[in-house]
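What follows is one structure encoded as structure tokens, with my remarks underneath.
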Amino acid sequence: MAFPNGFFIGAATAAHQVEGHNIHSDYWAQELLPHSSFTEPSGEACDHYHRYEEDIKLLAEAGLNAYRFSIEWARIEPEEGKFDENEIEHYRKVIACCRRNHVEPIVTLMHFTSPVWLIRKGGWEAESTIEDFRRYAAYVTEKLGGELKYICTINEANMGLQLAAISRRFTLMAQQAAAKAKSAEGSVQVGMNFEKMMENMKYAAAENAEVFGTPQPQIFVSSRTPEGDALVFRAHQAAKAAIKALYPNIQVGITLSMHDCQALPGGESFAEAAWDEEFRHYLPFIQDDDFLGVQNYTRTQYGPAGQLPCPEGAELTQMDYEFYPEALENVLRKVHEDFKGDLIVTENGVAVSDDSRRVEFIRRALAGVERCLADGIPVKGYCHWSLMDNFEWQKGFGMTFGLIAVDRGTQKRTPKESLAFLGSYAQ
Ligand code: BGC
99 MAFPNGFFIG AATAAHQVEG HNIHSDYWAQ ELLPHSSFTE PSGEACDHYH
149 RYEEDIKLLA EAGLNAYRFS IEWARIEPEE GKFDENEIEH YRKVIACCRR
199 NHVEPIVTLM HFTSPVWLIR KGGWEAESTI EDFRRYAAYV TEKLGGELKY
249 ICTINEANMG LQLAAISRRF TLMAQQAAAK AKSAEGSVQV GMNFEKMMEN
299 MKYAAAENAE VFGTPQPQIF VSSRTPEGDA LVFRAHQAAK AAIKALYPNI
349 QVGITLSMHD CQALPGGESF AEAAWDEEFR HYLPFIQDDD FLGVQNYTRT
399 QYGPAGQLPC PEGAELTQMD YEFYPEALEN VLRKVHEDFK GDLIVTENGV
449 AVSDDSRRVE FIRRALAGVE RCLADGIPVK GYCHWSLMDN FEWQKGFGMT
499 FGLIAVDRGT QKRTPKESLA FLGSYAQ
């Protein structure tokens, strides 16, 4: 079956992971702390800030018709209330480049990184962040809204609760065998070095206090309290209202990180509780959104005693989680049970060195999307993570999620076979 006309086959990136020199952001500051938990700093990353044209061309030449990227808040508003018009112009050019290449830009306003000043004010646990985010969203929309059809307000808005859960588990497991601790790290869908973070904790407090004015900065990717969890979604709602007031036709949604939560006999209540926490309890905040961005990488299984490690003998990715492309179809089906709006797969991918495994992953994941479409589930597009090998947060550049390889010394781009393979679905 071919995908319907207008179905997006695209690839995704996030500003901080590819652009380089995001110097006013909280991540940049944390990467440079003397006892940083980052494997390496982001530095010039993939220099996408200057090479976006080449990158978007490669995407388009391979047949892809959508590019999901993020606008960097720390560039647009490097100081509280001071907006940088030059940075708006930069993103205007990126959007124009997409249009020239017949590629639909799907823009994310907040993909994990925030300006340092926001974190100094209390970050993602502070009530004032709702208004700050609303004002930033309104500013970007006022300037660029006329050129956009799709906006994701916040990337993986549920990440904070997942981190809270995993850090509870990690603390427990770290007291046990080191090998088990490693498998706990592999259960979050983002590059985190929990072991290193734990070791660094005694130094981190003082170093953070110096940069952020608080020993425990509440960056977006921090363990969230239940109040902070709700605050993130209230910020989404405020931003959405601001966007709609300016451009009612822009399709607005949020994206969520979702595991395929599977129950083995006796594990049903654990799987249900995990799914409630990852997805269902957010429904009141997102029910009326134009679309939901679904981001999935793997499954988690639950038995009578709770979450299970990866099955014996399972193929693991570089991120230490299971290679399991079937998870996407299962997640789309489960989401559709409760959320009847459009779905866009805003991220799905795999960190592997052997690109033929990525081709296999895409083949099986897209077969699942096709089955969903055949059953009438309104999936409007699929954006693969990621367009290019990039900065996988705390894990640095070692994780290769890209459809395009990037030489770290020369910044030379080399498309992998998987890029053309993905593109073949759009033709
Ligand atoms: C994030 C990306 C990240 C990817 C792979 C998602 O959690 O949105 O920024 O690189 O997963 O871990």
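Throughout, the numbering used here is defined as the position within the sequence shown, counted from one, plus 98. Yeah, the Cβ is synthetic: ideal placement off N, Cα and C, and Gly gets one too. All values derive from a computational prediction rather than experimental measurement.
In this structure, Ser516 and Leu501 form a Cβ contact; the two beta carbons are roughly 5 Å apart against a cut-off of 8 Å. Residue environment for Ala340: buried (at least 16 other C-beta atoms within 10 angstroms of its C-beta).
Comparing C-alpha distances from Ser140 to each of Glu117, His133 and Leu162 shows the shortest one belongs to Glu117. Around the Cβ of Pro409, a 10 Å sphere holds fewer than 16 other Cβ atoms; the residue is exposed. For the 8 Å CB-CB criterion, His133 and Ala361 do not form a contact.
The C-beta of His434 has 16 or more other C-beta atoms within 10 Å across all chains shown, which makes the residue buried. Distances taken from the Cβ of Glu490 to the heavy atoms of the ligand BGC include one shorter than 7 Å.
A check of alpha carbon separations from Glu142 across Thr512, Arg506, Ala518 and Lys514 identifies Arg506 as the nearest. When distances are taken from the beta-carbon of Ala425 to the heavy atoms of the ligand BGC, even the shortest one reaches 7 Å or more. It is roughly 22 Å from the alpha-carbon of Ala172 to the alpha-carbon of Met290. Cβ atoms of Phe331 and Phe383 come within 8 Å of each other, at about 4 Å. Spanning the alpha carbons of Glu293 and Ser168 requires a straight line of approximately 29 Å. Closer than 7 Å to some heavy atom of the ligand BGC: that does not describe the Cβ of Glu129.
Looking at the backbone, the Cα of Glu375 and that of Val457 are separated by about 32 Å. About 13 Å separates the beta carbon of Thr239 from that of Met208, a gap too long to meet the 8 Å contact definition. Partner residues in the beta bridge of Arg511, as assigned by DSSP, are Val504. Tyr419 and Pro407 have their C-alpha atoms spaced approximately 9 Å apart.
The closest heavy atom of the ligand BGC lies 7 Å or more from the beta carbon of Gln349. For Trp483, the beta-bridge partners assigned by DSSP are Ala110. Contact between the region 117-130 and the region 464-476 is not established, with fewer than three Cβ pairs separated by less than 8 Å. Per DSSP, Phe310 lies in no beta strand (DSSP E); the unbroken alpha helix (DSSP H) holding it starts and ends at Phe292 to Phe310. Per DSSP, Cys408 lies in no alpha helix (DSSP H) segment and is marked neither H nor E.
Contact between Ile442 and Gly364 is ruled out by a C-beta separation of about 35 Å, above the 8 Å threshold.
Following the DSSP letters along the chain, one finds Phe389 inside the beta strand (DSSP E) bounded by residues Phe389 to Asn394.
Boundaries of the alpha helix (DSSP H) around Asn184: Glu183 to Arg198. Here DSSP, grouped into helix, strand and coil, assigns Ser134 to coil. For Ala472, the enclosing alpha helix (DSSP H) begins and ends at Asp453 to Ala472. Glu178 sits in coil when the DSSP states are folded into three classes, being neither helix nor strand.
When secondary structure is reduced to three states using DSSP, Gln349 falls in the strand class. In this structure, Ala262 sits away from Val201, with a CB-CB distance that is not shorter than 8 Å. Here DSSP, grouped into helix, strand and coil, assigns Met208 to strand.
Relative to the ligand BGC, Ser355 has its C-beta within less than 7 Å of a heavy atom. Leu414 is not a Cβ neighbour of Glu254, given a cutoff of 8 Å. Taking the Cα of Ala503 as reference, the smallest distance to any Cα among Cys144, Tyr395 and His122 is reached at Cys144. For Ile121, the number of other beta carbons within 10 angstroms of its own is below 16, and it is reported as exposed.
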